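Data block below; observations after.
In the working numbering, the protein residues as written are 1444 to 1689.
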């Protein structure tokens, strides 16, 4: 049976048997944490500040892991630079071959964490990137599909956050700026390069205090999510993204 199932308009992956959504049994002496088996089992990235601001919430959440990542977990800060992203994303996939890639980004409205389901083949924003480039009506990839569904289960991520008292929603729009571009590029090249990396995205509210949690508490909840994803997406279980045609 195809392990993918349609739900809520997107292709999502059912959790592994015996593992609840977003739950880790820390009492079990056999519960694995971070494993290094093939390439890098889990890559998590955030974005640099943009739009003249001095900080980015996704960067603040991930900051403690940037220099001291546990074995089996790799971290990186992505540039808010359209041209650089087009070069960097496929290179990361070719050289690191992660089994799963979770992107963290920042958005400016609302208190919810947004678990993205779709990346579209469009770059269209009035805000320049950090090199001053403005793109209107441009393609993320010329000749690429209209859109891709994300391949890290957004339902699982939403359940993880809600189980810990955080407001979270499924989102069908990652915007048309650098976040969407990076997500589309990762899904596209994971398929075209046949590296099998599963890719997902969580937008964290810029004004994170609206979630009712401190930055430290929010960071701890995200770290628990990374541990859950590492349990569910060990090497050898990856699948390419599903295309959406016009």
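Yeah, the Cβ is synthetic: ideal placement off N, Cα and C, and Gly gets one too. No experiment lies behind these values; they were computed from the predicted model shown.
Determine, using beta carbons only, whether residue 1671 and residue 1541 come nearer to each other than 8 Å.
-> no
Got a sec: is the Cβ-Cβ distance from residue 1672 to anything in chain D below 8 Å?
-> The structure shown contains no chain D; it holds only a single protein chain.
Is residue 1509 buried or exposed, if buried means 16 or more other CB atoms sit within 10 Å of its CB?
-> exposed
Say whether the region 1590–1608 touches the region 1488–1500, bearing in mind that this needs 3 or more beta-carbon pairs closer than 8 Å, one atom from each stretch.
-> Verdict: no, contact absent.
Start and end residues, alpha helix (DSSP H) containing residue 1600 | Note, residue 1600: alpha helix (DSSP H), 1597–1606.
Which listed residue (1522, 1501 and 1668) has its alpha carbon closest to that of residue 1602 = When C-alpha distances from residue 1602 are compared across 1522, 1501 and 1668, the shortest belongs to 1668.
Residue closest to residue 1609, alpha-carbon to alpha-carbon, out of 1660, 1539, 1616 and 1491 = 1660
Go ahead and pull the three-state DSSP assignment for residue 1473.
-> Unreliable placement is indicated for residue 1473, whose pLDDT of 36 sits below 50; the coordinate value is still reported in the next sentence. Looking at residue 1473 - three-state DSSP - the assignment turns out to be coil, as it is neither helix nor strand.
Which first and last residues belong to the alpha helix (DSSP H) in which residue 1507 is found?
-> It spans 1500–1509 - the alpha helix (DSSP H) in which residue 1507 sits, taken as one unbroken run.
Would you mind sorting residue 1514 into buried or exposed? The rule is 16 or more other CB atoms within 10 Å of its CB.
-> exposed
In three-state DSSP terms, what is residue 1627?
-> helix
Residues bridged to residue 1643 [DSSP beta-bridge criterion] | In DSSP, residue 1643 forms a bridge with 1545.
One or two residues paired with residue 1521 in a DSSP bridge = Beta-bridge pairing links residue 1521 to 1490.
Who pairs with residue 1563 in a beta bridge, going by DSSP?
-> Answer is 1590.
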